[in-house]
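**Q**
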Ligand SMILES: [Zn+2]
Ligand SMILES: [Zn+2]
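Numbering (the numbering used here), first residue to last: 985 to 1084.
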């Protein structure tokens, strides 16, 4: 199941929504095909922007979509207290978003 998260920074007001997880159901996982999406959170090593990429997507090449630098996967648990992409303070917060 895919899950949306909201990340926000107490210091500068930065906020962003990220999706993680897979769009496929447990049943279709057994029969994994290239059409299934699997979203993971990445951090750009250059500008520290956080974003989600579908790692099964055709255009996934392990590079930042903005500046082309190398990126590194970040787990949801590590985003709490992570350095903010905008102000660099370690004041990022992450919370699940419930879409009704
Ligand atoms: Zn970048
Ligand atoms: Zn900030």
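For each residue, glycine too, the CB sits at the ideal point set by N, CA and C.
1) Based on DSSP bridge pairs, tell me the residues matched to residue 998.
2) Quick test of the definition: if touching needs 3 or more C-beta pairs under 8 angstroms, does the segment 1062 to 1074 touch the segment 986 to 1005?
3) On the criterion of 16 or more Cβ atoms from any shown chain inside 10 Å, does residue 1024 qualify as buried, or is it exposed?
4) Quick one: does the C-beta of residue 968 sit closer than 7 angstroms to a heavy atom of ligand 2?
5) Can you tell me which residues fall inside 6 angstroms of ligand 1, judged by beta-carbon distance to its nearest heavy atom, and keep chain order?
**A** With the given structure in hand:
1) Answer by DSSP bridge pairing: none, since residue 998 is not bridged.
2) yes
3) buried
4) The question about residue 968 has no answer here: the residues shown for the chain are numbered 985 through 1084.
5) 1028, 1030, 1031, 1033, 1048, 1050, 1051, 1053
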